[in-house]
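In what follows, a structure is listed as structure tokens, so that the remarks can point back to it.
Chains as they are written, first to last, in my numbering: chain A, 1 to 14; chain B, 15 to 271.
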């Protein structure tokens with residue numbers, strides 16, 4: 001089973 | 015003073031169509047190099063990055079950097095008041111709380127202007143790292159839209175697997191499964207219809223259909239779409255905005271629990 005990751009797991013707040 | 019003019023409003027209409035499903039509100043950052051927008055969808059699964067370069071506009075002036083927070087549904091309402099071939103001018107004073115859209119008919123016999131209230135949006139800006147992608151696929155945008163639409167009938171997710179030989183899109187669910195294989199084309203005469211694959215390493219990732227289908231709302235902007243993939247990083251779906259810049263969508267993959 002796969003779950004949806006968040007874009008914030010990859011790109012960090014500037 | 016900020017002022018940006020396009021000879022036909024249809025380009026701006028298409029840009030709005032391409033982002034309005036994903037974003038309710040967005041900040042347009044205007045500087046002398048052009049207009050930038052970066053925003054996540056409400057669920058923080060995808061990120062939209064729009065670049066419109068100043069030299070692509072028919073007239074562009076930006077004395078001071080300004081950020082204009084706009085409600086996209088309101089912007090769509092206003093742009094509906096323009097004919098596709100009307101000239102559109104976007105204007106705002108420094109520190110203004112409204113932006114004005116002026117539409118002029120080609121024959122100059124009708125001029126209308128619409129002022130829209132700006133919003134103060136507290137939007138996060140994310141740093142997007144430079145990535146050397148394992149696979150970069152270029153294919154007709156209409157074909158990509160067709161595949162996303164067709165496979166969405168089978169399940170909530172689409173698998174995209176890229177090898178030297180081609181790209182395989184797949185989906186499965188209650189009614190069964192679907193696979194669509196696209197091969198690299200050998201006919202380079204019609205660039206718009208070609209499929210090209212630059213592959214360093216094969217990649218297979220899974221993405222939510224719903225977002226891919228939202229991205230394909232950008233199809234009218236460009237005959238080709240570019241998909242960039244590497245293991246365990248977001249997919250980048252890029253459409254060119256002719257003469258002006260590009261729109262890039264970043265989509266977080268589905269990962270093993």
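Glycine residues also receive a C-beta, built at the ideal position from the N, C-alpha and C atoms.
Contact with chain A by residue i, beta-carbon distance below 9 Å
i: residue 141 (chain B); result: yes
i: residue 171 (chain B); result: yes
i: residue 222 (chain B); result: yes
i: residue 271 (chain B); result: yes
Per-residue contacts from residue i into chain A (C-beta, under 7 Å)
i: residue 138 (chain B); result: 13
Contact set between residue i and chain A, taken where Cβ atoms lie within less than 9 Å
i: residue 264 (chain B); result: 7, 10, 11
i: residue 182 (chain B); result: Neighbours of residue 182 (chain B) on chain A: none; closest Cβ ~17 Å, over 9 Å.
i: residue 268 (chain B); result: 2, 3, 4, 5
Residues sharing a beta bridge with residue i, DSSP
i: residue 154 (chain B); result: B:238
i: residue 217 (chain B); result: B:176
i: residue 169 (chain B); result: The partner list for residue 169 (chain B) (beta bridge, DSSP) is empty, contrary to what the question assumes.
i: residue 205 (chain B); result: Bridge partners of residue 205 (chain B): none, in fact.
i: residue 118 (chain B); result: B:101, B:125
Chain A residues whose Cβ lies nearer than 8 Å to that of residue i
i: residue 247 (chain B); result: 10
Identify each residue in the stretch 40-67 of chain B for which the Cβ-Cβ distance to at least one residue of chain A is less than 9 Å, and report them in chain order. Residues passing the 9 Å Cβ filter: 54, 55, 57, 58, 59, 60, 61.
With a cut-off of 8 Å, do at least 3 Cβ pairs link the stretch 197-213 of chain B to the stretch 23-42 of chain B? Contact between the stretch 197-213 of chain B and the stretch 23-42 of chain B is absent, because fewer than three Cβ pairs lie under 8 Å.
Does the stretch 254-270 of chain B come within contact of the stretch 52-67 of chain B, defined as at least 3 CB pairs closer than 8 Å? Taking a contact to require three or more Cβ pairs closer than 8 Å, the stretch 254-270 of chain B and the stretch 52-67 of chain B qualify as touching.
I'd like to know if the stretch 113-125 of chain B and the stretch 159-172 of chain B are in contact, where contact means that at least 3 CB-CB pairs between them fall below 8 Å. Output reads no: the stretch 159-172 of chain B does not touch the stretch 113-125 of chain B.
Count the C-beta pairs between the stretch 78-85 of chain B and the stretch 36-48 of chain B that are closer than 8 Å, then say yes if the count reaches three, no if not. Segments in contact, yes.
Does the stretch 139-152 of chain B touch the stretch 239-253 of chain B, meaning 3 or more C-beta pairs lie closer than 8 Å? Touching, yes.
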